[in-house]
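Student: In our numbering, the protein residues as written are 358 to 681. Note that the Cβ used here is the ideal one computed from N, Cα and C, for glycine as well. Pasting in a structure now, in structure tokens, and then I'll have a few things to ask.
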Amino acid sequence: MRILVTGAGGYLGSALARRLADEGHGVTGLENDHRGLEVVRDLRGVEAVEGDVTCEEDVAAAARGASAVFHMAGVSSVDACRDNPRLALEVNGYAVRTLLEHSMDDVQLFAYPSSVAGMYTIPRGAVYKHRSGGGDAVYTRPSGGAVTEEDPVVPVNDYGVSKFLGETYARAYRELHGAPTLVFRQSNVYGPSPAGPGDGVARIFVERALRGEPLEVHGPGEQTRDFLFVDDLLDAYVAALEGQPSGETLNLSSGASTSVNRLAEKVSGLVGEAGVNHVGSREEELEIKKYTVSNERARGVLGWEPKTSLDDGLKRLIDAMEDE
358 MRILVTGAGG YLGSALARRL ADEGHGVTGL ENDHRGLEVV RDLRGVEAVE
408 GDVTCEEDVA AAARGASAVF HMAGVSSVDA CRDNPRLALE VNGYAVRTLL
458 EHSMDDVQLF AYPSSVAGMY TIPRGAVYKH RSGGGDAVYT RPSGGAVTEE
508 DPVVPVNDYG VSKFLGETYA RAYRELHGAP TLVFRQSNVY GPSPAGPGDG
558 VARIFVERAL RGEPLEVHGP GEQTRDFLFV DDLLDAYVAA LEGQPSGETL
608 NLSSGASTSV NRLAEKVSGL VGEAGVNHVG SREEELEIKK YTVSNERARG
658 VLGWEPKTSL DDGLKRLIDA MEDE
């Protein structure tokens, strides 16, 4: 099968392109960044194509003959989306429409990776914090339980809005044209990839610990996150490619809730007692404090389950970063 991976030089795109090539697929990696192109060219069995997902001609050429598309290109940082919201909307959102226009008649699967944090900003059972000039106010949404795909979608920043636009195009083309679209809402993915170790809190903690610096935890550190190892995420992608369950929106998560304090303790213990410093909270308007993300639907639809414990995943991340 010939598969187009956009953003193939990025953190997740490069990991996916390598995995698909290793499994014998023909992979075209579309990338517009110079450093990213070098990453793609180093991937055995992946054809590197220079191009931009916001350019109609580049997309048409890259998508020609593809049997599946994974739109991994994106503006993935909340700060970057805030600094350039127009670009975020174009890459995370409108590019989905462009890609579908040039691929939906031929592909068996069009996969779009969205975000748990971007969509479920105020999930049921979550405790979240709103910061205003009058001080902090903490709210708890009633009717607890893990976040599911049925929870209301409430994006409150440029990142979430741009991802929701991409989801909306995917669903619209499914309803209007029967396009075989699949949306993944992913939790906090961590672990090594050909493009490097990513930019999440796990990587930041490991990097500081390896330098012998104390780990900085913003606020009290009791806010929880769901950490999903990158190889488990790729297993879900491959399962989707094999089963081709279009029309679904699936949470991809570990299903476990881990506080930032606990993550810092684990990293410090694995690398050596690096110490932990608590610093002031980030000036965010809305911060999710505690939540758990259900992956039951993905387990049922894909026949998939995450296999890597947080301890094992952190050890593999640490080993990779020590070898850099």
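Reducing DSSP to helix, strand and coil, say where S424 ends up.
Tutor: Along the sequence shown, read from residue 1 onward, the residue named residue 424 stands at position 67. The answer is coil: DSSP assigns S424 none of H, G, I, E or B.
Student: List the endpoints of the continuous beta strand (DSSP E) containing N608.
Tutor: Within the sequence shown, the letter at position 251 stands for residue 608. From DSSP, the beta strand (DSSP E) with N608 extends over 606-609.
Student: What does the alpha-carbon distance come out to for the pair S651 and G612?
Tutor: If you number the sequence shown from 1, residue 651 lands on position 294. If you number the sequence shown from 1, residue 612 lands on position 255. Roughly 5 Å separates the two Cα atoms.
Student: Out of curiosity, what's the CA-to-CA distance linking K672 and V595?
Tutor: If you number the sequence shown from 1, residue 672 lands on position 315. If you number the sequence shown from 1, residue 595 lands on position 238. Distance from the CA of K672 to the CA of V595, rounded to the nearest whole angstrom, comes to 24 Å.
Student: Quick check on DSSP: helix, strand or coil for S519?
Tutor: Working through the sequence shown from its first residue, we reach residue 519 at position 162. DSSP places S519 in helix when its eight states are reduced to three.
Student: Helix or strand or just coil, what does DSSP make of Y469?
Tutor: Walking along the sequence shown from the start, residue 469 turns up at place 112. Reduced to three states, the DSSP call for Y469 is strand.
Student: Straight-line CA distance for A655 to L627?
Tutor: Against the sequence shown, residue 655 aligns to sequence position 298. Against the sequence shown, residue 627 aligns to sequence position 270. Distance between the alpha carbons of A655 and L627: 31 Å.
Student: Quick one: what's got a C-beta closer than 8 Å to G492's C-beta in the same chain, skipping five residues either side?
Tutor: Start at 1 with the first residue of the sequence shown, and residue 492 comes out as number 135. Confidence at G492 is low in this model, with a pLDDT of 38, below 50, so the placement of that residue should be treated as unreliable; the coordinate-derived value is given next. Same-chain partners within the cutoff: there are none.
Student: Measure the CB-CB distance between N634 and E573 and report whether it falls below 9 Å.
Tutor: Residue 634 sits at position 277 when you count from the first residue of the sequence shown. Residue 573 sits at position 216 when you count from the first residue of the sequence shown. A Cβ-Cβ contact shorter than 9 Å links N634 with E573.
Student: Is it right to say S434 is buried, meaning 16 or more other beta carbons lie within 10 angstroms of its own, or is it exposed?
Tutor: Counting from 1 along the sequence shown, the entry for residue 434 is found at position 77. Exposed, because fewer than 16 other Cβ atoms sit within 10 Å of the Cβ of S434.
Student: Which one of M678, V563, T665, A503 has the shortest CA to CA distance from S625?
Tutor: Here residue 625 corresponds to residue number 268 of the sequence shown, with the count starting at 1. Minimum Cα distance to S625 is reached at V563.
Student: Taking the alpha carbon of E681 as the reference point, which residue from M429, V432, T615, P549 has its own alpha carbon closest?
Tutor: On the sequence shown, residue 681 is found 324 positions in, with the first residue counted as 1. Looking only at M429, V432, T615, P549, the smallest Cα-Cα distance to E681 is reached by P549.
Student: Less than 9 Å separating the beta-carbons of T385 and E404?
Tutor: On the sequence shown, residue 385 is found 28 positions in, with the first residue counted as 1. On the sequence shown, residue 404 is found 47 positions in, with the first residue counted as 1. Yes, the Cβ-Cβ distance between T385 and E404 is below 9 Å.
Student: Using DSSP with H/G/I as helix, E/B as strand and the rest coil, what is K734?
Tutor: Outside the displayed range of the chain (358 to 681) lies residue 734, so it cannot be described from this structure.
Student: Is S616 helix, strand or coil by DSSP?
Tutor: Looking up residue 616 in the sequence shown gives position 259. Here S616 sits in strand by DSSP.
Student: Whose C-alpha, out of L533, E532, V473, I561, is nearest the C-alpha of P512?
Tutor: Position 155 of the sequence shown, counted from the first residue, corresponds to residue 512. The candidate whose alpha carbon is nearest that of P512 is V473.
Student: For T581 versus T615, is the C-beta distance shorter than 9 Å?
Tutor: On the sequence shown, position 224 is the one that residue 581 refers to. On the sequence shown, position 258 is the one that residue 615 refers to. Contact: yes.
Student: Measuring only the C-alpha atoms, how far is D669 from E570?
Tutor: The residue you call residue 669 lines up with position 312 of the sequence shown. The residue you call residue 570 lines up with position 213 of the sequence shown. Each residue's Cα considered, the two are about 22 Å apart.
Student: Note down, in chain order, each residue of its chain lying with its Cβ closer than 7 Å to the Cβ of A372, except the 5 sequence neighbours on either side.
Tutor: Within the sequence shown, residue 372 is the residue found at index 15, counting from 1. The answer, listed in chain order, is S550, P551, V587, L591.
Student: Looking at L456 and T606, is the spacing between their C-beta atoms short of 9 Å?
Tutor: Reading the sequence shown from its first residue, position 249 is the one you call residue 606. Reading the sequence shown from its first residue, position 99 is the one you call residue 456. For T606 and L456, no; Cβs fall outside 9 Å.
Student: Is the CB-CB distance between L598 and A374 below 9 Å?
Tutor: On the sequence shown, residue 598 is found 241 positions in, with the first residue counted as 1. On the sequence shown, residue 374 is found 17 positions in, with the first residue counted as 1. No, the Cβ-Cβ distance between L598 and A374 is not below 9 Å.
Student: Which complete beta strand (DSSP E) runs does the stretch 386-469 hold, if anything under 3 residues is left out?
Tutor: 403-407, 425-428
Student: Should the stretch 518-525 be regarded as contacting the stretch 446-455, the criterion being three or more beta carbon pairs within less than 8 Å?
Tutor: yes
Student: Among the residues of its own chain, which have a CB less than 7 Å from the CB of Q601, if the five just before and after it don't count?
Tutor: Residue numbering aside, residue 601 sits at position 244 when the sequence shown is read from its first letter. Around Q601: Q465, L466, P537.
Student: Considering Y648, what are the terminal residues of the alpha helix (DSSP H) in which it resides?
Tutor: The residue labelled residue 648 in the question sits at position 291 within the sequence shown. Neither: Y648 is in no alpha helix (DSSP H) and is coded neither H nor E.
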